[in-house]
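Here this note's numbering is used: the sequence shown runs in plain steps of one and ends on residue 248.
First the structure, in the form of structure tokens, and then the observations on it.
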Amino acid sequence: MDKVGRNDPCPCGSGKKYKRCCLGSSSTAAAAAGFTADDRRLALKELERFVESELVQEDENAFEEFYAAWGDRQEEIEKLDPFWSDLSESVYDMWFYLDYQLPSGGHAVDLFLQRNWHLSSGPRRYVEGLRESMMRLYEIEDLSPGVSLTLKDVLTGSRVTVRERLGSRQLYRHELVTARVINRGPSGFPEIEAGMLPIPDLVKQNVIAQFSEWHQSHRGRHPDLAELERRRSSSTTPGSAAFWIRRFLN
């Protein structure tokens, strides 16, 4: 992230200048996150190493499930522009770590935290925060170019303002995006994790209808699940997984 200037809009979304809002408390916010950008990189490397050593078969099964409808187009995915290829890989990795239900129960991230008791505090705090996130459908409600985005969850109406340098310059109000937001990033403020995927206006209403249907259907089948777990498990449905891949290939 670029450094926020004293006279820039505050990333918290208050509408005030940074110097008159969170400048004095920014060091406190960063400390509250409890991890750095280096801790994040280390944690993701450790997660990848853990999967490669202990969840090889589960990863292969999940990969086949995720790309089931697109097996004959796998070469197209591999030949995508590096940006889309990297985003596709990140979306899958996060889905497997956080959302995919292992045959033994639970998620890869929980198993990782249980077995890696020696993990230092910074990377552990990052993984614990990441565990609470999920891919959501957002409408961009407001933005400060080069500084932040205010996102409204289409399904719940909840709002979050995230620090976002590049996306806030390229997107526009009322655009629909899918993103995974972590409550506290290395900055100490909410940040988007593993990329953001814009939804074309042409299919905006269809996408909202599809996600609403998946969410309500899953809610009806699993009324006793807590809301976080219900929404996490609903993101593993074949329809929602296929949506991400369709967006990359179309």
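Glycine is no exception: its CB is placed at the ideal position from the N, C-alpha and C atoms.
- The alpha helix (DSSP H) runs lying completely inside the region 102 to 144 and spanning 4 residues or more are 106 to 113 and 119 to 129, given in chain order.
- DSSP links Pro196 through a beta bridge to Val175.
- With three or more CB-CB distances shorter than 8 Å, the region 177 to 195 counts as touching the region 152 to 167.
- DSSP lists no beta-bridge partner residue for Thr154.
- Arg134 sits close to Ala177, with the two beta carbons spaced by under 8 Å.
- Annotated three-state conformation of Lys14 is coil, per DSSP.
- Rounded to whole angstroms, the gap between the alpha carbons of Asp37 and Glu189 is 15 Å.
- Two segments are said to touch when three or more pairs of C-beta atoms, one from each, lie closer than 8 Å; by this definition the region 132 to 150 does not touch the region 100 to 119.
- DSSP, read as helix, strand or coil, puts Pro7 in strand.
- Assignment of beta-bridge partners to Ser146 by DSSP yields Ser142 and Arg161.
- Val54 is classed as exposed because its beta carbon has fewer than 16 other beta carbons within 10 Å across all chains shown.
- Within the DSSP secondary-structure output, Ile190 pairs in a beta bridge with Val179.
- Comparing alpha-carbon positions, the option among Leu200, Val152, Lys150 and Leu109 lying closest to Glu46 turns out to be Leu109.
- Rounded to whole angstroms, the Cβ separation of Leu147 and Arg157 is 11 Å, and the two are not in contact under 8 Å.
- With a cutoff of 8 Å on beta-carbon distance, Glu56 and Pro101 are scored as near each other.
- Per DSSP, Ala66 lies in no alpha helix (DSSP H) and is assigned neither H nor E.
- Per the C-alpha coordinates, the member of Val107, His172 and Leu153 positioned closest to Val49 is Val107.
- Just so you know, the alpha carbons of Ser142 and Ser51 end up roughly 43 Å apart.
- Taking C-alpha positions only, Gly103 is separated from Trp93 by approximately 15 Å.
- Going by DSSP, Phe48 is part of the alpha helix (DSSP H) stretching over Ala35 to Glu52.
- Assignment of Gln99 by DSSP, reduced to helix, strand and coil, places it in the coil class.
- Here the C-alpha atom of Leu174 lies approximately 31 Å from the C-alpha atom of Arg18.
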